[in-house]
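Data block below; observations after.
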Amino acid sequence: MSIFFIEFVGTGILIALGLGVTAGVLLRGTRLTGNGWLIIAIGWGLAYFLAMLFVHPFGIAHLNPALTVGLASIGQVFWHDLFMYFSGQFTGGLFGAIIVYFLYLPHFRVTGDPQRKLNAFVTLPMVKNIPANLLSEAIVTFSFVFGILVIWATVFANELKFVFIAFLVIGIALSFGSTASFAMNPARDLGPRIVHYIFPIPGKGSSQWKYFWIPIIGPFFGGVYGALFYQGFYLGVFHLSFWFISSFFIIVMGWALYIELRSSR
């Protein structure tokens with residue numbers, strides 16, 4: 054099976070299951086309405102587990118452009134294959150979001166708050182601070198990619214590795230994800246945001262396109278840094294790019310601190 058098809062199917066399953074839980078919690082009139090962040094975190098962990106398990110017979114799926122770029126940065130994926138990975142992942146994310154749209158179609162009508170309708174699809178910060186939000190996405194994706202590589206380096210059977218990955222996602226969501234909703238995956242936000250923008254949703258409000266680049270750029274930087282960190286500290290190979298991205302993190306930290314100090318005056 055081709056790279057495109059594996060990534061399309063796997064990412065579609067991931068986004069459909071993950072967004073399905075998120076929408077169920079946020080939209081009115083569902084059995085999940087009113088549940089909290091814990092349910093969303095567990096739901097996304099199970100979504101990663103099931104998506105990887107379902108496509109495993111056909112090949113190893115990344116389901117995440119940030120993971121793919123991270124692997125390419127340490128030579129585990131060919132750069133010329135990125136287009137096939139990305140096209141499958143982003144179209145899969147779009148398709149998964151369309152499934153969720155139709156699944157919850159009447160619930161958008163009975164949900165009055167446009168913010169809930171938007172949050173059912175996309176990630177947004179609880180408190181807006183652009184560099185801090187960018188840093189949040191980079192940190193969660195760093196943790197994800199680094200954790201994935203450590204898990205894959207173990208001697209456990211693949212099915213057991215998927216269980217550990219599910220716990221990894223749940224742990225990241227609970228520890229780091231509550232500030233900016235942890236996209237951790239560019240395909241998790243872009244496709245669903247397009248669906249929210251294009252498809253008719255009563256009283257949906259803005260799709261917040263001014264923020265869309267944060268859950269794309271942040272995960273890409275975090276994914277590459279997580280892979281380079283793994284290569285450096287586990288394999289003993291440090292490249293110049295590791296120090297370059299380390300400098301980027303320090304700059305963004307300083308930028309976030311400056312904005313926060315200025316806002317508190």
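First residue of the sequence shown? That's 54 in the working numbering, and the numbers climb one at a time after it.
For every residue, glycine included, the Cβ atom is placed at its ideal position computed from N, Cα and C.
Keep in mind the model is a prediction, meaning the values are calculated, not measured.
Pick helix, strand or coil for residue i, following the three-state DSSP scheme.
i: M237; result: coil
i: L80; result: coil
i: F215; result: helix
i: P255; result: coil
i: T232; result: coil
i: H140; result: Residue identity differs from the one stated: residue 140 is Ser in this sequence, not His. Three-state DSSP puts S140 in a helix.
i: F58; result: helix
i: T121; result: helix
i: L116; result: coil
i: I303; result: helix
Note down the Cα distance separating residue i from residue j, rounded to an integer number of angstroms.
i: L70; j: S55; result: 23 Å
i: G63; j: G145; result: 7 Å
i: N88; j: W97; result: 14 Å
i: V248; j: I267; result: 18 Å
i: Y101; j: G73; result: 13 Å
i: W296; j: L281; result: 9 Å
i: A226; j: R318; result: 31 Å
i: D242; j: A236; result: 6 Å
i: F139; j: H292; result: 25 Å
i: L135; j: I204; result: 23 Å
First and last residue of the alpha helix (DSSP H) that includes residue i?
i: Y264; result: Y264 -> no alpha helix (DSSP H), and no H or E assigned at all.
i: K170; result: 167-172
i: N186; result: 183-205
i: G289; result: Taken as a continuous stretch (DSSP letters only), G289 belongs to no alpha helix (DSSP H), as it is neither H nor E.
Between which residues of its own chain and residue i is the CB-CB distance below 7 Å, once the five residues before and five after are set aside?
i: F301; result: F274
i: S234; result: T176, L177
Excluding the five sequence neighbours on either side, which residues of its own chain have a C-beta within less than 6 Å of the C-beta of residue i, listed in chain order?
i: L202; result: Y283
i: V290; result: Q284
i: A76; result: V153, Y157, A173
i: F215; result: F102, M105, L106
i: F148; result: G65
Can you list, in chain order, the residues of its chain whose CB lies under 8 Å from that of residue i, leaving out five sequence neighbours each side?
i: I151; result: V248, F252
i: I298; result: F274, V277, Y278, L281
i: A206; result: Y287
i: L171; result: L177, H249, K257, G258, S259, S260, Q261
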